[in-house]
Every structure is written in C-alpha cells, then in structure tokens.
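Below is one structure, written out as structure tokens, with a few remarks after it.
In the UniProt record's numbering, the protein residues as written are 1 to 43.
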C-alpha cells in the first residue's frame, strides 16, 4: 500500500512512518518542520 503521512517529522508521524515501513508499505512523509525535527525522518 502507498501511504502519505502528514506531520511525518513529529513524534506520532515518525513512529507511524517507521511502523508502516517495517510492514513493507511505501511511505511518503510530509512535514513543514514547524515542530517536527528532520532527524526523526528515516533516510
């Protein structure tokens, strides 16, 4: 499944991205970094 996670650099969004990637899904995350951190995004 292809997923778009908004707020992907925040706590909840980054954990959601990580979970779905481990499950084998294609994940795109979108974030404006207002409160999220670029370090929270997996390469």
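No residue lacks a Cβ here, since even glycine has one placed at the ideal position from N, Cα and C.
When the Cα atoms are used, what is the spatial distance from residue 6 to residue 22?
For the purposes of this step, residue 6 is taken as the residue at position 6 of the chain shown. For the purposes of this step, residue 22 is taken as the residue at position 22 of the chain shown. CA-CA distance, residue 6 to residue 22, rounds to 18 Å.
Just how far apart, CA to CA, sit residue 1 and residue 25?
Along the chain shown, one-based indexing puts residue 1 at 1. Along the chain shown, one-based indexing puts residue 25 at 25. Taking the straight line joining both Cα atoms gives about 5 Å.
Is residue 12 helix, strand or coil by DSSP?
Within the chain shown, the letter at position 12 stands for residue 12. Helix, per DSSP.
Euclidean distance between Cα positions of residue 17 and residue 40:
Taking the chain shown and counting its residues from 1, one reaches residue 17 at position 17. Taking the chain shown and counting its residues from 1, one reaches residue 40 at position 40. Looking at the two C-alpha atoms, the distance is approximately 10 Å.
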